[in-house]
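S.K.:
Protein chains in written order, with the numbering used here: chain Y, 28 to 474; chain B, 28 to 474; chain W, 28 to 474; chain U, 28 to 474.
(1) Going by C-alpha distance, which of W:442, W:419 and W:394 is nearest residue 316 of chain W?
(2) For residue 258 of chain B, which residues of its own chain have a beta-carbon under 7 Å away from its beta-carbon, when the five flanking residues on both sides are left out?
(3) Quick one: Cα of residue 472 of chain Y to Cα of residue 263 of chain Y, how far?
(4) Using a Cβ-Cβ cut-off of 6 Å (strictly less than) and excluding sequence neighbours within five positions of residue 292 of chain U, which residues of its own chain qualify?
(5) Enumerated in chain order, which unbroken segments of the alpha helix (DSSP H) with a length of 4 residues or greater are wholly contained in the stretch 433 to 474 of chain B?
(6) Using the C-alpha atoms, what's the distance from residue 140 of chain B back to residue 116 of chain B?
(7) For residue 190 of chain B, count the other beta carbons within 10 Å of its own beta carbon; 16 or more makes it buried, fewer makes it exposed. Which is it?
(8) Check each residue of the stretch 182 to 203 of chain U: if its Cβ is closer than 9 Å to any Cβ of chain B, include it; give the result in chain order.
(9) Would residue 243 of chain B pass as a contact of residue 270 of chain B if the rule is Cβ separation under 8 Å?
(10) Taking only beta-carbon atoms, is residue 464 of chain W less than 8 Å away from chain U?
(11) Please report the distance separating the alpha-carbon of residue 462 of chain U from that of residue 119 of chain W.
(12) Relative to the C-alpha of residue 266 of chain Y, which residue among Y:304, Y:239, Y:273 and Y:279 is closest?
(13) Is the distance from the Cβ of residue 407 of chain Y to the Cβ of residue 395 of chain Y below 8 Å?
(14) Check the Cβ of residue 250 of chain U against every Cβ in chain W and list those closer than 7 Å, keeping chain order.
(15) On the three-state DSSP scale, how would you describe residue 258 of chain W?
(16) Is the Cβ-Cβ distance between residue 275 of chain W and residue 308 of chain W less than 8 Å?
(17) Is residue 192 of chain B helix, strand or coil by DSSP?
(18) Using a 10 Å radius around the Cβ and a threshold of 16 neighbouring Cβ atoms, would you call residue 417 of chain B buried or exposed?
(19) Inspect the CB distances between the stretch 229 to 237 of chain U and the stretch 170 to 185 of chain U and report whether three or more fall short of 8 Å.
(20) For the stretch 93 to 118 of chain W, which residues have a CB atom closer than 7 Å to at least one CB atom of chain U, in sequence order?
(21) Counting only Cβ pairs nearer than 7 Å, list the residues of chain W close to residue 84 of chain U.
(22) On the three-state DSSP scale, how would you describe residue 348 of chain B?
(23) Measure from the C-beta of residue 161 of chain U to each C-beta in chain W and report whether the shortest distance is under 8 Å.
(24) Below 6 Å CB to CB, which residues in the same chain sit around residue 95 of chain Y once its five sequence neighbours on both sides are set aside?
(25) Which residue comes first and which comes last in the beta strand (DSSP E) that contains residue 2 of chain B?
(26) Going by DSSP, what residue range makes up the alpha helix (DSSP H) through residue 150 of chain U?
(27) Would you say residue 323 of chain B lies against chain U (beta-carbon separation less than 8 Å)?
(28) Going along the stretch 416 to 428 of chain W in order, which residues come within less than 9 Å of chain U, judged by CB to CB distance?
(29) Under DSSP, the beta strand (DSSP E) around residue 175 of chain Y begins and ends at which residues?
(30) Which one of B:194, B:288 and B:254 has the shortest CA to CA distance from residue 238 of chain B?
(31) Does the distance from the CB of residue 156 of chain U to the CB of residue 166 of chain U come in under 8 Å?
(32) Rounded to the nearest angstrom, what separates residue 302 of chain B and residue 202 of chain W at their Cα positions?
(33) With H, G and I counted as helix, E and B as strand and the rest as coil, what does DSSP make of residue 121 of chain B?
(34) Hey, how far is the Cα of residue 85 of chain B from the Cα of residue 446 of chain Y?
(35) How about residue 224 of chain U and residue 186 of chain U: do their beta carbons lie closer than 8 Å?
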């Protein structure tokens, strides 16, 4: 009885928060909003924070329906501008064509805590995006404005180290998405003098990392992640021997920033910062996973040979056949390292293992080159990210990630992408024209 | 001979800077720009800084001509959206209708020093705006983006005091626009414990104040500026006696931010900050100049009476006649304070002076109420600013500013606008509907 | 063979470091030292850091033997001053009587890193103090100077919280000496909004806590440590309900500062800081262990009754007899809580437990009052510390610390000492005259 | 009447402050002081600040009379130690021989604001030192402790520049003692990129510079001060051309630190800091005044030749005769530059001027070498300071300081002292053995 009453009260309060939020949004775009928008935005943010899931949905629907531009007046102004080409007509058209919710968001963000609130709205919106096609235009407006507000000219690059606040380090532990951080001891290894961690911060979100990257300073380009994360290995001490900066993990912390490309900027700024601090550094590369290689291989394995007709896939066909033979013969490749007893068997086992590794590397090269429907772009998201940044596919390493996750996702393969700061732009342009930039070592695997 | 050669070289270099800037702008919007926009933006900013006046003009013309939206495709998309109302059509329309130079500016600002460069461009653009009508649309884009980037949610309110860096204080001295600061001693008086100075800063422009306000903490609403700035008066020591915060000067430091209303936000945030620090404060008001009152009066003085026919201007007519009599009789009002000798004369002089003061206050009330062509809005920019912020016209003070400038601009009058934080929104709405919010004391002057 | 060579080299290097350190020390007190003491001190500190254990011993012996004052000249100057009472003779005497190693330390500390080096020397010296009587005078000089350098006027009180650098928090975990911190999760509980941690820092040792205290903000004086440290209990949220600040742990981080009383200053400064931040706080107390109560009880248990003859120990005699009966009857008191089955037995068990608790509290009261050979001062170090600071023995709590360590050291008892800031000085004076300041509740236990 | 009453009240209050200060001092050394010394020290500092001049005198007299060591017990303990040589006897002796006011000061400095108070006491004491011989021992204790507390290991070297707080810069202007700073414009010139200013700070006196030095970064060793301070000369821009760091002014800000040699440390730390920042710097030197050269010359000019008998002063005798001739002939040397008309006269004037310059430089060389009664040490305080630091007398420049003050004090001469960081120690030792370290150029002037 009492509980029901409470529930009733709660939902009344929520309805009221929703109603007030809507009022505040309308006021923000009206005359009151002009004079005292910060106070109204503060109120709006306060009500937003109290919304339940249902109210959130109602709020986003409102954003989609009420704050669209007026089609007729846009059409009319577009016509006028097409005729006159006059600046004043252009100004009027530009204003009319911009959905009013953009101005709404620009006024909401004025609130104290407004930036965090807008990011939270976007995160909530993304969750609901698939289910409701009308929200796409709302989301486009969020992404448009967030890209403008979170431009690298406003961001601060900060090194994260063992002198950073525990509250920040805790977030690094929580958001690490590539190679899980198993507690503070594990984190500490990643902040030793031969490791670096850098994060972007926005001034309106103090203490909140947006995205961070972890780097290992090494003597040579690394082929496997295990040694980099090994807490028992003592840190390298002599900075003069650091020749390679290997980016081995990059993680986003703000779901609300999806589609706002910060990783590209982060990697390049960090590379510059490191180059300035360690003039002996010669190579900037990644050590990256190939997250859905195993899935792709499982799928393609089941394809009939005649589906792989195009000339360029001939080599893949041969490799696939060998792979099928391996899989059904000596057991799954990921178990190839399992102990083989006796001298002769051991040698045979080693040779077998090398063959398997080579086979996987060839298959992976195909995967990274030939899987985009439209052309040569890879379907692998990590590859698309780095190649799109202008990096080069430098090396495919077998046995690079022998964790459970690594074996499951990519049969243990890891990839180095190379960031040659002088070639980035040209590489990117070639990538845009459907070309994968790769080293000879990698293209050699394709034949 | 040698000089001519040098000049030739210089202009060659300049042309080259212009050409490279244009190339960089195009690249920023092309495929290269996507992958490495910061590096290209850095280059663009570098070239921009070297431009001569002529090259600047060429650059702005380019912005106006090359980076406009395509009228036909906007028209087409507007038509499609008007029919379909589909989110994807709206997204396409919004994108097409936004002038590409907005995206160009968003990418330029990514450069290190990009924010300062964009502000400098805007300042240069404003200088050329009157002479070239085509630049209006370019300027609208600048203002649109700057309003978004310099929203109060991103700004930091900082107190400026005697512990602030000399470099910052130097800028305060330079930019003070209302009551000139005559050197460091004068500045120091304005930073004593019974005075406050606050400025807005943007994180991407460290050490560069955007706008600042000076406040006096007092026991009563001030009627004259002289005592507030008097270096010889010892600062009030007991903060418990501060009942009134009087904003006596507000100055912009960034010409590139014209039209981006920061003053409104600044005054309200400062009022909140002061209220938190001094709970005994009861009144937030200004002590403001009436900059073009004397000009108006000179103009209106010459009008024929029958031009002032409308009923509401009858009272003005009477006042004007008295004024004309005064001006041609006992000499200009601003000399009314000049020494009169002898007991009787003195009394008469004092009475005269009081009458003059009253007359001027009445004329000023008319000036502030009835000078907008469209309606009741004042043409006085200071009045429009504060009334538009939702303040109330509280009191008109004779002999408020007896400096040369004060006598010349406003016959010495100064005005208090009252910021009643609870009434600001309602006041603003009334102001929007052409109503001037004023105290009874002021409206009483109109009859 | 090779190893022996290496060892030979190492010990040669060490001898050389010792020799150079000694040279540098002599130079510091000579003419060279006057002009460029920082450079020489830098060198000395460098050599000191390389010393082996043997060399350290040799170094301290040198400090003891070579840098003593000259007895004859002191005697002569003392004679002269006793006769003349002249200021210049006093100056000469003061200079001559001060061991030259004090000046040596004052010059060593000028080095970069000198403060850390001198603290390290003291820590090493303390380890060797028992074995070598000659070092006592050296140690006295260290303590004398460190007390002067680490005076509270130079120290900075800083709050340690979850925003503190991980490096600092790691040291808090390591140095916590009273209630062990079991990892970062445990630490985090102690830094929640209803807990406080404060540390003293010296400006010449940035990032190095000297001593820290942990405080719980509570509604009532706590009787047991368990709930305070329980990570599962949600932190109290409403600061208006904090009436009691309970200091539940205080730990030194610098062994080299032994005998330099910082705890006294720390507790009082923290109390003031908390009082300023939480005006509703009424009570500042501790929740303290009684570390050697169980040892004392085991010893005294074996004493013959007639050794406890003095009138004031009569009550103790009775309590001891009861205790002996308990110990040999129903099992050791610390097991009194062990499960008793059946209704009647349960009641009896509970009554039994209450009696045991009372008995232990009485015995503990005796322990804290009557165990100093010289008089009424307690031999318990924690009691001596707090009572010496002017606190009052407020309450003895049974079942205050049920950890293994707590049961073993004190049969689970914990004590509250009360810091009444107004009574501290008077209490201290009474304590100096051999009186234990205690509440009536505690003195009541003595009869 | 009323005034007398007020005066009576005031002096009663003062007597009471003095009495309470004395009570607090006694309490600090008594039992109460042990437990709560900070609170008592706070009170003492509060009373001290209210003392009038008379009360200050009484307070210092008390320090001299009541807080001396007990002569008899020192004598007895000195005797015991001379016999036993036991560490415990030494400890007892050291304690007894130290004047108790040292412990008093150590406890006073624990107060909040204690460091500033102790410095103020010392400054007040120094003023009274000449008049009261008994205060010498008190002053020795102050100096002894301040030297320990203000050791360079505790001090922070900070660059002072145009980004420093105005409050700090104001102090730099006020305390500049060598070449007066004429307002903020003049100061600004001294903080341009080719100038440096560094100050020492003590952590317990935040924002209060102790001593500062001004440095010019130049291409060559400077011979005159005028160009260095000229606000109209544009700052040198290219840091690669800085070969010489010339210390042209060093000023103390704390009179209470007299006799605590910070200048020596400051110059050397600044030299190191500059060397690290500008690896191309080759020379560290000063451009220094010779403050009492003119006085000395006026005195020695009046001496009879036969007073200059010693062989080593023969050369001086000759120079003096020439000087006397000049002075009584062509007018005072300082006017030698006055306009001479006509070609021939001009040439003659120039030659004359050169001769005068040479003569003055020779006389100055004598002054700097031969004026200490005890030996070869100079009586010039600036020379004693730099030579005592281990610098070398490098060059004597005529027409180095043509200001009124420069001409009056030293007939315009200025001196370069050279800090060769590798020779400092050896130079200092030679200086201690009465030898002036000088370049050949300077010693050449002596013959």
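All C-beta atoms in this analysis are idealised placements derived from N, C-alpha and C, irrespective of residue type, glycine included.
M.R.: Considering the structure as presented:
(1) The residue given as residue 316 of chain W occupies position 289 in the third chain. Ranking the options by Cα distance to residue 316 of chain W, first place goes to W:442.
(2) Counted from its first residue, the second chain places residue 258 of chain B at position 231. Closer than 7 Å at Cβ, skipping near neighbours: 212, 213 and 216.
(3) One-based indexing of the first chain puts residue 472 of chain Y at position 445. One-based indexing of the first chain puts residue 263 of chain Y at position 236. Near 34 Å, if we compare the C-alpha coordinates of residue 263 of chain Y and residue 472 of chain Y.
(4) Residue numbering aside, residue 292 of chain U sits at position 265 when the fourth chain is read from its first letter. Closer than 6 Å at the Cβ level, and outside the excluded window around residue 292 of chain U, lie 179.
(5) 451 to 459 and 467 to 470
(6) Start at 1 with the first residue of the second chain, and residue 116 of chain B comes out as number 89. Start at 1 with the first residue of the second chain, and residue 140 of chain B comes out as number 113. Computed Cα separation, rounded: 37 Å.
(7) For the purposes of this step, residue 190 of chain B is identified with residue 163 of the second chain, where counting begins at 1. Exposed, because fewer than 16 other Cβ atoms sit within 10 Å of the Cβ of residue 190 of chain B.
(8) 188, 189, 190, 191, 192, 193, 194, 195, 196 and 197
(9) Counting from 1 along the second chain, the entry for residue 243 of chain B is found at position 216. Counting from 1 along the second chain, the entry for residue 270 of chain B is found at position 243. Their beta carbons are not under 8 Å apart, which means residue 243 of chain B does not touch residue 270 of chain B by this criterion.
(10) Position 437 of the third chain, counted from the start, is the residue given in the question as residue 464 of chain W. Answer no: the Cβ-Cβ gap between residue 464 of chain W and chain U never drops below 8 Å.
(11) Numbered from its first residue, the fourth chain carries residue 462 of chain U at position 435. Numbered from its first residue, the third chain carries residue 119 of chain W at position 92. One C-alpha to the other measures close to 27 Å.
(12) Position 239 of the first chain, counted from the start, is the residue given in the question as residue 266 of chain Y. Closest option to residue 266 of chain Y, Cα to Cα, is Y:304.
(13) Here residue 407 of chain Y refers to the residue found at position 380 when the first chain is read from its first residue. Here residue 395 of chain Y refers to the residue found at position 368 when the first chain is read from its first residue. Yes; because the gap between Cβ atoms is below 8 Å, this pair is in contact.
(14) Within the fourth chain, numbered from 1, the residue matching residue 250 of chain U stands at position 223. Within 7 Å Cβ-Cβ: nothing; residue 250 of chain U doesn't reach chain W, min ~27 Å.
(15) Position 231 of the third chain holds residue 258 of chain W. In the structure shown, residue 258 of chain W sits in coil (DSSP, three-state: anything other than H, G, I, E or B).
(16) Looking up residue 275 of chain W in the third chain gives position 248. Looking up residue 308 of chain W in the third chain gives position 281. No.
(17) Working through the second chain from its first residue, we reach residue 192 of chain B at position 165. Here residue 192 of chain B sits in strand by DSSP.
(18) Position 390 of the second chain, counting from 1, holds the residue named residue 417 of chain B. Buried, because 16 or more other Cβ atoms sit within 10 Å of the Cβ of residue 417 of chain B.
(19) yes
(20) 95, 98, 99, 101, 102, 105, 106, 108, 109, 112, 114, 115, 117 and 118
(21) Sequence index remark: in the fourth chain, residue 84 of chain U carries index 57 (1-based). Neighbours of residue 84 of chain U on chain W: none; closest Cβ ~16 Å, over 7 Å.
(22) Taking the second chain and counting its residues from 1, one reaches residue 348 of chain B at position 321. If DSSP states are grouped into helix, strand and coil, residue 348 of chain B belongs with the helices.
(23) Here residue 161 of chain U refers to the residue found at position 134 of the fourth chain. Judged by the 8 Å Cβ criterion, residue 161 of chain U is in contact with chain W.
(24) Taking the first chain and counting its residues from 1, one reaches residue 95 of chain Y at position 68. Closer than 6 Å at Cβ, skipping near neighbours: 126.
(25) The question about residue 2 of chain B has no answer, for chain B in this structure spans 28 to 474.
(26) Residue mapping note: residue 150 of chain U aligns to position 123 of the fourth chain, counting from 1. Unbroken alpha helix (DSSP H) run through residue 150 of chain U: 141 to 156.
(27) Here the question's residue 323 of chain B lines up with position 296 in the second chain. So, not an interface residue.
(28) 416 and 417
(29) The sequence position of residue 175 of chain Y within the first chain is 148, counting from 1. Run containing residue 175 of chain Y: none in the beta strand (DSSP E); it sits in the alpha helix (DSSP H), 162 to 176.
(30) One-based indexing of the second chain puts residue 238 of chain B at position 211. Among B:194, B:288 and B:254, the Cα nearest to that of residue 238 of chain B is on B:288.
(31) Numbered from its first residue, the fourth chain carries residue 156 of chain U at position 129. Numbered from its first residue, the fourth chain carries residue 166 of chain U at position 139. The answer is yes: Cβ separation under 8 Å.
(32) Mapped onto the second chain, residue 302 of chain B falls at position 275. Mapped onto the third chain, residue 202 of chain W falls at position 175. When rounded, the distance between both Cα atoms is 44 Å.
(33) Within the second chain, the letter at position 94 stands for residue 121 of chain B. Of the three classes helix, strand and coil, the one that applies to residue 121 of chain B here is helix, per DSSP.
(34) Position 58 of the second chain, counting from 1, holds the residue named residue 85 of chain B. Position 419 of the first chain, counting from 1, holds the residue named residue 446 of chain Y. The alpha-carbon atoms of residue 85 of chain B and residue 446 of chain Y are separated by roughly 37 Å.
(35) By 1-based counting over the fourth chain, the position of residue 224 of chain U is 197. By 1-based counting over the fourth chain, the position of residue 186 of chain U is 159. Yes, Cβ-Cβ distance for residue 224 of chain U and residue 186 of chain U is below 8 Å.
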